[in-house]
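Add 356 to the 1-based position in the sequence shown for the numbering used here, that's all there is to it.
Following: one structure in structure tokens, then a few remarks.
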Amino acid sequence: MEIYVNYIVVILSAVAAMIIGSIWYSPLVFGKAWMKLAGVKEPKKDEANKQMLKGMGLGLVTMLVMAYVLARFMDIMVVVDSNGALEMSLWLWLGFMLPLTLGSFLWEGKDVKLSFLNAAYWLVTLEVMALILVNML
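Next comes the structure, spelled out in structure tokens:
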């Protein structure tokens, strides 16, 4: 079985995920709540820039991997339309992302609100990535 993946679309999907994360965790949306729930203190300006660059770089790598794997799954499962993409990404989120994010509540003593905030981010991100992949591949 030959698998086809359009790497340009994978990159676009990963960049979209990074944009979603930048908006989701910005102070204008959920950033302040996330910092409070996660117990993260606001770093000094110089430290914040270094942390942000490192985080964005590593984040992009992880999003590229996720977009590539999602594209492979979609090709293997013959997902050909938006409904199929949304359904597949919902099941992947329900089976993998939700249980993983709830682990921070169950095992690390984090606030359940933090788990659901992060889980909701992953749901939105997976859905958008899947829509980009199915409509542009």
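Glycine included, each C-beta is placed from N, C-alpha and C at the ideal position.
Values in this document were obtained by computation on a predicted structure and should not be read as measured data.
ARG428 places its beta carbon less than 7 Å from that of ILE359. The criterion of a C-beta distance shorter than 7 Å is satisfied by VAL435 and ALA441. For ALA423, the CB contacts under 6 Å within the same chain, skipping 5 residues up- and downstream, are VAL366, SER369, ALA370, MET485 in chain order.
Classified as exposed, ILE432 has fewer than 16 neighbouring CB atoms from the shown chains inside 10 Å of its CB.
Here PHE386 is actually not in contact with LEU456; their C-beta atoms are around 19 Å apart, not less than 8 Å. A contact is defined here as three or more CB-CB pairs under 8 Å, and the stretch 386-402 meets this definition with respect to the stretch 465-481. THR481 is positioned such that its CB atom lies no closer than 7 Å to that of ALA389.
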